[in-house]
Amino acid sequence: MAPNSDNDPSEPDSDESLDDAPAVDNWARGYRRVRQHRFRGAQPEGPAFDADEFTERDFFHQLFPLSLIIKIVTWTNIKLTASGKRLTTTEELRAWIGILFVMGLTKVKNYADYWGDMPGFRNTLIARTMRLKRFQLLSSHLACADPDTNPENWPAD
């Protein structure tokens, strides 16, 4: 017999109905209080560097170190080469990531509107940084893992 609800793994007796079960804090009979503890991660909380001594670019490099950018560029270029497209660079990938950050500041229904001509939607910073077609190409070919080691790309036995 299947449980009568998703949060009640025990099967009810044949004579028992959930409607007859006593409610505890508006929950069904299987409710039990769970003691919660405040999460205490690594201390001190937050960045382990003095924020006043770093520039915006330093924060970016904390999130995306050069070693990671180089790997993503290398893996993305494997996919671009396979498609016969112009390869990317570390500068272009950083610009692509920066565009994503700027897009997060103002939401539009269709991301292509950032490059459009409609007043209030076009973002000149984005449009001058990279053309829409190139942004779309990089978005569709971005590889955050080595495509040569992806089992989906291996030949069938």
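The opening position of the sequence shown corresponds to residue 75 in the numbering used here, with each subsequent residue numbered one higher.
For each residue, glycine too, the CB sits at the ideal point set by N, CA and C.
Task: Buried or exposed (CB count within 10 angstroms, at least 16 for buried), Phe209 - done: buried
**Prompt:** Roughly how many angstroms lie between the CA atoms of Phe195 and Asn184, to the nearest whole one?
**Reply:** Distance between the alpha carbons of Phe195 and Asn184 is about 10 Å.
| field | Residue from Leu199, Arg109, Asn224 with nearest C-alpha to Ala169 | value | Leu199
Can you tell me whether Ala219 is buried or exposed, with buried defined as 16 or more other CB within 10 angstroms of its CB? exposed
### Query
Under the three-state reduction of DSSP, which class applies to His215: helix, strand or coil?
helix
| Considering only residues of the region 135-216, which uninterrupted alpha helix (DSSP H) runs meet the minimum length of 4 residues and lie entirely inside it, listed in chain order? | 140-157, 164-177, 198-203, 206-215
* To do: State the DSSP-derived secondary structure class of Asp126, mapped to helix, strand or coil.
  => helix
Discussion item. Taking the straight line between their C-alpha atoms, what separation do you get for Val108 and Arg114?
Written reply: 18 Å
Could you check whether the Cβ of Thr198 sits closer than 8 Å to any Cβ belonging to chain C? No chain C appears in this structure, which consists of one protein chain only.
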